[in-house]
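Enquirer: Numbering (my numbering) for the sequence shown: 63 to 160.
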Amino acid sequence: MNIFIAGLTDNIWDEDLKDLFEEYGQVTSAKVIKDRETRKSRGFGFVEMPDDEAAKKAIYELDRAEYDGKIINIKEARPKEGGGRQGGGNRGGNRRRN
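(1) Would you kindly report the start and end of the unbroken alpha helix (DSSP H) that includes residue 121?
(2) Pop quiz: residue 121 and residue 74 are said to be a contact at Cβ under 8 Å. What is the actual Cβ separation, rounded to whole angstroms?
(3) Tell me, to the nearest whole angstrom, how far the beta carbon of residue 103 is from that of residue 70; I am working on the premise that it is less than 8 Å.
(4) Between the segment 104-114 and the segment 79-89, can you find at least three pairs of beta-carbon atoms closer than 8 Å?
(5) How many Å lie between residue 132 and residue 82 at the Cα?
(6) Quick one, are the C-beta atoms of residue 107 and residue 93 less than 9 Å apart?
(7) Taking all protein chains shown into account, decide if residue 127 is buried (16 or more other Cβ within 10 angstroms of its Cβ) or exposed.
(8) If you draw a straight line from the C-alpha of residue 130 to the C-alpha of residue 138, how long is it?
(9) Tell me which residues share the same chain as residue 97 and place their Cβ nearer than 6 Å to its Cβ, disregarding the 5 neighbours each side in the sequence.
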């Protein structure tokens, strides 16, 4: 199960999320999403757990808990809609036809 975690501080790294969720079962991946330019946390991340029951227990027990001084929100991650990149990447530059 893929789990979405919001409300993370700048001090949280991938390994911290992994450690937090491993108390409930095996974690196959843990990723804190970082800003591309500043490399600081954007305040959310994802954890993947292969055992759905363990993942549901982690969600139930950790949602609205205090973690590193902030209240975190946890829920099952929804798959991206549309399945790919959408909309306006003007890849051809700003060329205009006259």
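Where is the CB? At the ideal position from N, CA and C, for every residue including glycine. Here the structure is a predicted model, which is why all the values come from computation and not from measurement.
Expert: The relevant details are as follows:
(1) Run containing residue 121: 114-124, per the alpha helix (DSSP H) assignment.
(2) With 8 Å as the limit, residue 121 and residue 74 do not qualify as a contact, their Cβ atoms being about 17 Å apart.
(3) Yes, residue 103 and residue 70 are in contact; Cβ-Cβ is about 6 Å, under 8 Å.
(4) At 8 Å Cβ cutoff, the stretches touch.
(5) Going from the Cα of residue 132 to the Cα of residue 82 covers about 14 Å.
(6) Yes, they are a contact pair.
(7) Around the beta carbon of residue 127, fewer than 16 other beta carbons sit within 10 angstroms, so the residue counts as exposed.
(8) About 21 Å.
(9) 104, listed in sequence order.
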